[in-house]
Amino acid sequence: MRRLLLGVLLIGAVGRAPLTSVGPLVSDIRADLGLSSAAAGLLTTLPLLAFAVFSLVAPLVAGRAGLERSLGIALLLLAGGIAVRSLPAQLWIGTVAVGAAIACFNVLLPSVVKRDFPDRVAPVTGGYSATQSVVAAVASGTAVPLAAALAGWRWALASWALLVVVALVVWAPSVRSAEPGASGAARAPLPWRSVLAWQVTLFMGTQSLAFYVLITWLPTIERDHGIAPAVAGWHLFGYLAAAVAANLIVPLFMRARSDQRLVGLGCAACIGAGLAGLQWLPWNPWWALAAVLVAGFGAGMAIVVCLSLFSLRTTDARQAAALSAMAQSTGYLLAAGGPVLVGALRDAAGSWTVPVVVLCGLTAAMALFAWLSGRARTVA
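Numbering (the working numbering), first residue to last: 5 to 384.
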């Protein structure tokens, strides 16, 4: 069981780093390949679209191959996608492959947790979410130094395939010992007609949209209000660090609780308070940092609660995979359009006031869906 848990943590570790390592190197990639700004924007949007599409495919694969083999296949696809992405003229193919592999992790890991750690859903979910966040932050922070040390962005991005290989080695015994379709991994229909499933899905969608909007625009919001670019960069690091802290702390409050309404409301309240603080508190670096940390803690709470609900609101592993697929495909589709729409709204309004007010309204909707999906029930 310890080896299985280590495998889950390592799969979590490689579930964001291949993406967060791209952002700091976008300027180098654009200069090398002659990409337009719109094409460069696809480097961050395309993986989210891949999440939306391939989240629906993952349960189909698991229904045929089983959870262990499906995750093993996804690890191989991720390693191959990272390698192909760094080859000449293969950037887009590799990016889609990376997004497809990570979509499988997103959907199937909650199913593994439901099956193998039924009494520790929140702690295990929080553990792999925290691991994912920490490694993602490290990948972002080391991208530029690695590119300088390894003679360019291609090798810097490709280097993350090494961690994927480590995860694959640790996961391999689970693949060898599993039988196709075993342990409840058989395909279950997606619960499109379930009211509870839609409540979980909309909670996932609103929190995903808020997270990716803030990741995309937070430094720009601060710079437009007079915060120095370097300070804004450190504030983004603080946002991610606060999310990691929430990943570790929130499971302590969820343990032994069948009802998650209050913790769900706390997610939305923190994100809403952070957004309101960014807009209406006195603009200086310390007040801005306080608002950012509160929003980051709320974001970290939200992802743990959402991922835990996929297990807590279902009766078995196959149903958990189906709910996860439905919620994540819809959630990431919303998230993919969020940053673009908020940017367009800012351009149309001429300031950040209207976009922030709209986002505060979004957190009110998030609170409603968190309350509804947090009640102690299961998908019929």
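In this text, a Cβ means the ideal position worked out from N, Cα and C, and glycines have one as well.
First and last residue of the uninterrupted alpha helix (DSSP H) at residue i
i	result
MET258	233 to 258
TRP175	165 to 181
ARG20	Here ARG20 belongs to no alpha helix (DSSP H), and DSSP marks it neither H nor E.
PRO149	125 to 153
MET5	Where MET5 is concerned, there is no enclosing alpha helix (DSSP H), given that its DSSP letter is neither H nor E.
TRP157	157 to 162
ASP263	Careful: ASP263 lies outside any alpha helix (DSSP H) and carries neither H nor E.
PHE207	199 to 228
THR357	357 to 377
VAL61	Counting along the chain, VAL61 falls outside any alpha helix (DSSP H), and DSSP gives it neither H nor E.
PHE314	289 to 316
THR99	95 to 120
THR334	321 to 353
Counted within 10 angstroms of its Cβ, other Cβ atoms place residue i as buried (16 or more) or exposed
i	result
THR382	exposed
LEU95	buried
VAL170	exposed
ASN288	exposed
GLY378	buried
PRO51	buried
ALA353	exposed
PRO177	exposed
PRO149	exposed
PRO286	exposed
LEU113	buried
THR210	buried
PHE373	buried
ILE97	exposed
ARG7	exposed
THR357	exposed
MET5	exposed
LEU37	exposed
PRO63	buried
PRO386	With the chain covering 5 to 384 only, the question about residue 386 has no answer from this structure.
SER133	buried
TRP284	exposed
Close-in-space but distant-in-sequence residues of the same chain around residue i (CB under 6 Å, 5 per side omitted)
i	result
THR24	ALA140, ALA143, SER144
VAL174	LEU10, GLY11, LEU14
THR135	LEU13, GLY16, ALA17
VAL65	SER74
SER187	Per-residue confidence for SER187 stands at a pLDDT of 47, beneath the threshold of 50, marking its modelled position as unreliable; the derived number appears in the next sentence. ARG119.
Between the CA atoms of residue j and residue i - distance to the nearest angstrom
i	j	result
LEU80	VAL26	20 Å
ALA151	PHE241	20 Å
ALA93	GLY19	24 Å
LEU351	LEU256	Sequence check: residue 351 is Asp here, not Leu. Going from the Cα of ASP351 to the Cα of LEU256 covers about 42 Å.
LEU337	SER212	9 Å
TRP196	ILE231	45 Å
ILE33	GLY70	38 Å
ASP120	LEU297	34 Å
ALA368	TRP375	11 Å
CYS274	ALA340	23 Å
ARG322	ALA214	29 Å
ARG419	ALA306	With the chain represented from 5 up to 384, any question about residue 419 goes unanswered, as that position is not in the structure.
MET258	ALA126	6 Å
SER31	ALA182	44 Å
ALA272	VAL254	14 Å
VAL179	LEU172	10 Å
LEU53	ILE106	12 Å
ALA21	TRP164	7 Å
MET370	GLY342	15 Å
GLU226	PRO233	8 Å
ALA153	ALA324	43 Å
TRP157	ALA35	11 Å
Reference residue i, options the options, closest by Cα
i	options	result
HIS239	ASN251, ALA214, CYS274, TRP291	TRP291
LEU327	GLY341, LEU206, ALA368	LEU206
ARG89	TRP159, ALA236, THR146	TRP159
GLY276	LEU266, ALA303, MET258	ALA303
LEU82	LEU166, VAL267, GLN136	LEU166
LEU60	GLN136, ALA104, ALA153	ALA104
VAL360	VAL102, ALA234, TRP221	TRP221
VAL199	ARG180, GLY45, ARG317	ARG317
ALA295	PRO223, LEU345, LEU75, VAL346	PRO223
SER74	THR99, ALA35, SER115, GLY130	SER115
PRO28	ALA107, ALA201, ARG227, LEU161	LEU161
THR334	HIS229, ILE219, TRP202	TRP202
ALA78	ASN110, ALA147, ALA56, HIS229	ASN110
LEU269	THR49, LEU366, ARG124, THR319	LEU366
Cβ shell of residue i (< 7 Å), same chain only, five flanking positions each side left out
i	result
ALA380	SER262, ASP263
CYS364	GLY276, LEU279, ALA280
VAL204	LEU313, ARG317, LEU327, ALA331, SER377
GLY131	LEU13
LEU282	ILE225, ALA292, ALA295, VAL360
ALA384	SER198
Neighbourhood of residue i by C-beta, 8 Å cutoff - its chain only, sequence neighbours within 5 removed
i	result
ALA101	LEU81, LEU82, GLY84, GLY85, VAL88, ARG89
ALA250	GLY300, PHE301, GLY302, ALA303, GLY304, MET305, VAL308
Any non-hydrogen atom of the ligand COA closer than 7 Å to residue i Cβ
i	result
ALA295	In terms of ligand content, the structure shown is empty, and the ligand COA therefore cannot be addressed.
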